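Just so you know, the sequence shown maps onto residues 3 to 154 in the numbering used here.
Each residue gets a CB set at the ideal place from its N, CA and C atoms; glycine is no exception.
Predicted model, so just to flag it, every value in this text is computed and none were measured.
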Amino acid sequence: MRVCYGLVGMTRGHAARALAIGQELLDRGHEVLFCTEGDAEELLSARFGKERVLKTSTPKYYVKNGRLSIWRTVFGNRKYLYGRRKLAKPLLAHLQEWKPDVTISDYEPLMWQASKVLKIPHVAVNSQEFFISSPLPKGLSLAHRIQAKAGG
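Okay, here's the thing in C-alpha cells:
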C-alpha cells in the first residue's frame, strides 16, 4: 500500500510520531511518502532518506510568553489561509503521479484536500481534528470558541 503522510514541520513532536508510525508502516512492507518542511523534513530525511520526503508548505505557529499567540498565528499565516488551493497544486500534481492509496495527516491541512481530490481514504492522527469534527457547546463566547479551536 502507498501511504502519503503529511505533518506540520515546526518543532519535532509531530515528527517523532511520524518516525514511529512511518517505521512501522515500512516494516510492514508499505511505501511511505512524507510531506512536510522545516525541522520535520530534516529529521525524516535523515532517517528515511530524501527520496521519501516531499517538501511542502505548512502553516507556522507563533508563540508569545510560552503560549500560542492566536492573532500572530492567524496574521502570520494569512497567505497560507487564503492561498491554500494554490499551495496545494504542486502537492496534488505530485500525488496524482505517485498514486497513494491513503493519506495520513498529523496537524497538516492539505492531506484531507488531496484525499478528496484523489478519492482515497484519509486518516487524521492528531487531536486537533476533534475540534473540526465535534461541535462546541452552545453559549460559548467568541473568545472561548477561538481559544478552543486553536487548542489553547
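Which first and last residues belong to the alpha helix (DSSP H) in which residue i is found?
i, result
"I23", "G15 to D29"
"V119", "M113 to L120"
Can you name, in chain order, every residue of its own chain whose Cβ lies under 7 Å from the Cβ of residue i, other than the five neighbours on each side?
i, result
"H199", "For the chain, the structure presents residues 3 to 154; residue 199 sits outside this window and is missing."
"G11", "T38, E39, G40, D41, A42, E43 and T60"
"Y63", "M12, L70 and T75"
"R160", "The requested residue 160 is not part of the displayed model; the chain covers only 3 to 154."
"Q115", "A90"
Assign residue i to one of two classes, buried (16 or more other C-beta atoms within 10 Å of its C-beta) or exposed (fewer than that).
i, result
"G24", "buried"
"S143", "exposed"
"M3", "exposed"
"P102", "buried"
"H16", "buried"
"L9", "buried"
"E110", "buried"
"Y7", "buried"
"L120", "buried"
"F36", "buried"
"L112", "buried"
"P139", "exposed"
Excluding five sequence neighbours on each side, which residues of the same chain lie with their C-beta closer than 8 Å to the C-beta of residue i?
i, result
"Q149", "I72"
"R14", "D41, A42 and L45"
"V127", "R19, I23, I106, S107 and D108"
"W100", "R4, C6 and L35"
"R155", "Residue 155 falls outside the range modelled here, since the chain spans only 3 to 154, and no answer is possible."
Tell me which residues share the same chain as residue i and place their Cβ nearer than 6 Å to its Cβ, disregarding the 5 neighbours each side in the sequence.
i, result
"S117", "T105 and H124"
"H32", "M3 and V5"
"G141", "none"
What residue range does the beta strand (DSSP E) around residue i cover?
i, result
"V5", "R4 to L9"
"V34", "E33 to T38"
"V125", "H124 to A126"
Practice item. Go through the segment 40-105 residue by residue and report every complete run of the alpha helix (DSSP H) that reaches 4 residues or more, in order. Key: As far as the segment 40-105 is concerned, its whole alpha helix (DSSP H) runs of at least 4 residues are 40-50, 72-78, 80-84 and 86-100.
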